[in-house]
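These notes concern the structure reproduced below.
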Amino acid sequence: MPRPAPLKVTNRRGRVEAILPILKSLYPDATCRLDHSSPLELLVATILSAQCTDDRVNIVTRTLFKKYRTAADYARVSQEELEKDIQTTGFFRNKARSIRGMAAALISDHGGKVPDTMEQLTPLPGVGRKTANVVLGNAFGKNVGVTVDTHVTRLSNRLGLTDHEEDAVKIEQDLIKIVPQEDWALWSHLLIFHGRKVCMARNPLCSQCPLLSHCPSGPKIIKDKARTEAARSVAKRKKPGSRAD
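So for the sequence shown, the UniProt record's numbering puts the first residue at 1; every next one is plus one.
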């Protein structure tokens, strides 16, 4: 599907101003779905969430967080044992290596505590800008950036809010120009919730979407879906043995 032509920054900002209160009304409880009670727990959970559902991560961390309570606990566990503990999250070898390396760096460089700045978080093993944004926004309440995952990427493109289809860093730079800073962390949660419930990757519910009047992609998706369904109906009627209307 062709992407909608991105608007100028001022027009994009106006679209965000129209969309934001609608999303806040739709999802008043939008927040991080990764269970955690400390910055360290959220950091570990976010590393585990790569290519894994939040629900699965929460099942794993329910036991994991009872076994490992400090950075030192993660740093001294063997690679093999941690792999077994997190195996069902997928990519468990790389994740175990990242968690152990991250924990060792916390001990050597930060006194075993999770730092609260982007500059200190991103050098940690397994921690990129996306993970750092999650931790800063949700564990420390700091709106330093916008977390860009697959849902935020998809909705930002469909809503015509970015010039970039897949580059998360560039999409984030587009979004921080138009979303109020006090809503940066919340914005990600709102788009994620909407992406899961309405604006799915396949078969989005555009005709039922409260954002339809503000979405340049919605009318075309609806039209394309109607055209496809009509073509299928015609093809079905032409099959041998089928009855004409």
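By construction, the Cβ of each residue, glycine as well, lies at the ideal position given by its N, Cα and C atoms.
According to DSSP, simplified to helix, strand and coil, what is residue 270? Any answer about residue 270 is impossible in this case: the structure gives the chain only from 1 up to 245.
With DSSP as the reference, label D245 as helix, strand or coil. Bear in mind that the predicted position of D245 carries a pLDDT of just 43, short of 50, making it unreliable; the figure below should be weighed with that in mind. The three-state secondary structure of D245, taken from DSSP, is coil.
Measuring CB to CB, does G112 end up less than 8 Å from L121? Contact: no.
Could you check if E80 is buried or exposed, using at least 16 other CB atoms within 10 Å of its CB as the buried criterion? E80 is exposed by the Cβ-count criterion.
Continuous alpha helix (DSSP H) stretch holding K197: start and end: Unbroken alpha helix (DSSP H) run through K197: 184-197.
At 4 residues or longer, what runs of the alpha helix (DSSP H) sit wholly inside the UniProt domain "HhH-GPD" (48-197)? Scanning the UniProt domain "HhH-GPD" (48-197) for uninterrupted alpha helix (DSSP H) segments of 4 residues or longer gives 54-67, 71-76, 79-86, 92-110, 118-121, 129-139, 150-158, 168-176, 184-197, listed from N- to C-terminal end.
Just checking my contact of G101 with G126 at CB under 8 Å: how many whole Å lie between their CB atoms? At roughly 7 Å, the Cβ-Cβ gap stays under 8 Å, so G101 and G126 are in contact.
Evaluate V169 with the Cβ neighbour count: other Cβ atoms within 10 Å of its Cβ, from every protein chain shown; 16 or more gives buried, anything less gives exposed. Exposed is the call here.
Are N58 and D35 closer than 8 Å when you measure CB to CB? Between N58 and D35, the C-beta gap is smaller than 8 Å, which places the two residues in contact.
Under 8 Å between the Cβ atoms of H194 and C32? Not in contact: H194 and C32 (Cβ atoms no closer than 8 Å).
Helix, strand or coil at R33 according to DSSP, with G and I counted as helix: Taken through DSSP and simplified to helix, strand or coil, R33 comes out as coil.
To the nearest angstrom, how far is it from the Cα of residue 308 to the Cα of Q87? Past the edges of the chain, shown from 1 to 245, lies residue 308, and the structure says nothing about it.
Test item: CB-CB of G137 and W184 under 8 Å: The answer is yes: Cβ separation under 8 Å.
Specify the secondary structure class of P219 as computed by DSSP and reduced to three states. DSSP places P219 in helix when its eight states are reduced to three.
Count the other C-beta atoms from every protein chain shown that fall within 10 angstroms of the C-beta of R227, then say buried if there are 16 or more, exposed otherwise. Under this definition R227 is an exposed residue.
Applying the 10 Å Cβ sphere with the 16-neighbour rule, what's the burial state of L205? L205 is exposed by the Cβ-count criterion.
Three-state secondary structure (DSSP) of K239: If DSSP states are grouped into helix, strand and coil, K239 belongs with coil.
Return the chain-ordered list of same chain residues with a C-beta closer than 8 Å to the C-beta of A244, the five sequence neighbours on each side being excluded. At A244, the pLDDT of 48 sits below 50, so the modelled position is not reliable and the matter cannot be decided from this model.
Do I171 and residue 290 have their beta-carbon atoms positioned less than 8 Å apart in this structure? Summary: the structure shown does not reach residue 290, with the chain confined to residues 1 through 245, and so no result is reported for it.
Thinking C-alpha only, which one of N143, M118, T46 is nearest K95? Comparing Cα-Cα distances from K95 to each of N143, M118, T46, the minimum goes to T46.
If N157 sits next to V146, beta carbons under 8 Å apart, how far is it from one beta carbon to the other, in whole angstroms? The C-beta distance from N157 to V146 rounds to 14 Å, too long to meet the 8 Å contact threshold.
Please report the straight-line C-alpha distance between V179 and V16, rounded to a whole angstrom. In a straight line, the C-alpha of V179 is about 7 Å away from that of V16.
Exposure label - T117; buried when at least 16 CB within 10 Å: With fewer than 16 Cβ atoms within 10 Å of its Cβ, T117 is classed as exposed.
Could you check the C-alpha separation between V135 and I99 for me, to the nearest Å? Between the alpha carbons of V135 and I99 lies a distance of about 15 Å.
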